[in-house]
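Chemist: First, the structure itself, so that you have it in front of you.
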Amino acid sequence: VISTQEANKETAQAESMLNFLDYLPINLGSNSLAGPNPDVTAAEIDSDGFMQNFAMSSEGEPASEAAFAAWEGKLPGLLLALWQRDGFARYRDDKLALVDPHLYAEVATAFLQGNPMEGADTLHVYAVTAFGQILLCGENTSTQISIDPHSGHVTTESDVPDPADAAERNWKLAFLLEALDGPYLDVTDDDEQPLHAHARDRLGPLAPNEIYSFSPAVSEGGWNAAHLVKADRLAELEALAGITPRKPPTQ
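So the sequence shown is numbered by our numbering: it starts at 4 and just counts up by one.
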């Protein structure tokens, strides 16, 4: 039996996550196409059900024993369960890839420099979209952060995250990954046309270590379909971290 207080807390957390999704950099401005799945609620998120429904679209490199040892207790257990089953696989028609947080630590530090969330928790990159948007989670809280490397927008659901237990961190991660689908994992060009299908048709599918990006960069040439290129994921994010202007955080 779930008490009224607990149910209200779950509802508030779910609403907070939905608000966070509404402001994800993936969807800012012309990229706001649709809301998340309205049928997903916090009460419906359970680890077993999530693992059954969240299936990879492409295999990834297996996670090493050293990686599990390094990240146990620092990342949500549900994320480690995905590593155990799928490795660093891709999901949602290869629009979302799990990554080794260690490799992206410097990228995260560069984008968060001077941001109010810097130092609020120890934050780790755990996934990157096909267009390079970065997802981070807190080590001691259930906070979720999104960084758009092309515009410099950093989005979070909360100013000051509260400490969270393992169960809350797991359901928050599951809730977000369940809701992230369709337009949330695409971007649109300056004419509000979705780009993922166009990029895949023109440039071909991504290799496990690649993302779609733009040359010249969005900060110089806009979200222009003619500028689409394939790029090494980590190298491109490192390059964008050095040239993209920083923007105030969005909540």
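Ideal placement from N, C-alpha and C gives every residue a C-beta, glycine not left out. It should be emphasised that the depicted structure is a prediction, and the values quoted were computed from it without experimental measurement.
(1) Which partner residues of TYR107 appear in the DSSP bridge assignment?
(2) Applying the criterion that 16 or more other CB atoms from any shown protein chain within 10 Å of the CB defines a buried residue, is THR125 buried or exposed?
(3) Which two residues bound the contiguous alpha helix (DSSP H) that contains PHE53?
(4) Going by CA-CA distance only, name the one from GLU195, GLU223, ALA234, ASP193 that's closest to ALA210.
(5) Which two residues bound the contiguous alpha helix (DSSP H) that contains PHE178?
(6) Are the beta-carbon atoms of THR158 and SER149 separated by less than 8 Å?
(7) Return helix, strand or coil for THR112, following the three-state DSSP convention.
(8) Measure the beta-carbon distance from PRO152 to ALA244 and round it to whole angstroms, keeping in mind my assumption that it falls under 8 Å.
(9) Go to ASP222, then tell me how far its beta strand (DSSP E) extends in each direction, as first and last residue.
(10) What did DSSP end up calling GLU62 once you bin it into helix, strand or coil?
(11) To the nearest whole angstrom, what separates the beta carbons of LYS98 and ALA133, a pair I think is in contact under 8 Å?
(12) With a threshold of 8 Å on Cβ separation, who are the neighbours of LYS77 within its own chain once the five nearest residues in sequence on each side are excluded?
(13) Just the Cα atoms here: how many angstroms apart are ILE137 and ASP193?
(14) How many angstroms separate the CA atom of ALA242 from the CA atom of SER216?
(15) How many Å lie between ALA66 and GLY135 at the Cα?
(16) When DSSP labels each residue in this structure, what does PRO186 get in the three-state scheme?
(17) Could you tell me which of VAL232, GLY63, ALA111, ARG203 sits nearest to TRP86, measuring between CA atoms?
(18) Are there 16 or more other CB atoms within 10 angstroms of the CB of SER154, so buried, or fewer, so exposed?
(19) Around the C-beta of ALA17, are 16 or more other C-beta atoms found within 10 angstroms, so that it is buried, or is it exposed?
(20) Quick check: what's the CA-CA separation for THR112 versus HIS156?
(21) Look at the alpha carbon of ALA239 and the alpha carbon of VAL190, and state the distance between them as a whole number of angstroms.
(22) Helix or strand or just coil, what does DSSP make of GLN136?
Modeler: Let me lay it out:
(1) For TYR107, which the question treats as bridged, DSSP gives no partner whatsoever.
(2) exposed
(3) 50-56
(4) ALA234
(5) 169-182
(6) yes
(7) helix
(8) 7 Å
(9) In the sequence under discussion, the amino acid at residue 222 is Ser, which differs from the Asp named in the question. Unbroken run through SER222 is the alpha helix (DSSP H), 221-224; no beta strand (DSSP E).
(10) strand
(11) 5 Å
(12) THR125, HIS127, GLU142
(13) 21 Å
(14) 11 Å
(15) 21 Å
(16) helix
(17) GLY63
(18) buried
(19) Low confidence applies here, because ALA17 scores a pLDDT of 45, under 50, leaving its location unreliable and the question unanswered by this model.
(20) 14 Å
(21) In the sequence as displayed, the identity of residue 239 is Glu instead of Ala. Their Cα atoms are separated by approximately 17 Å.
(22) coil
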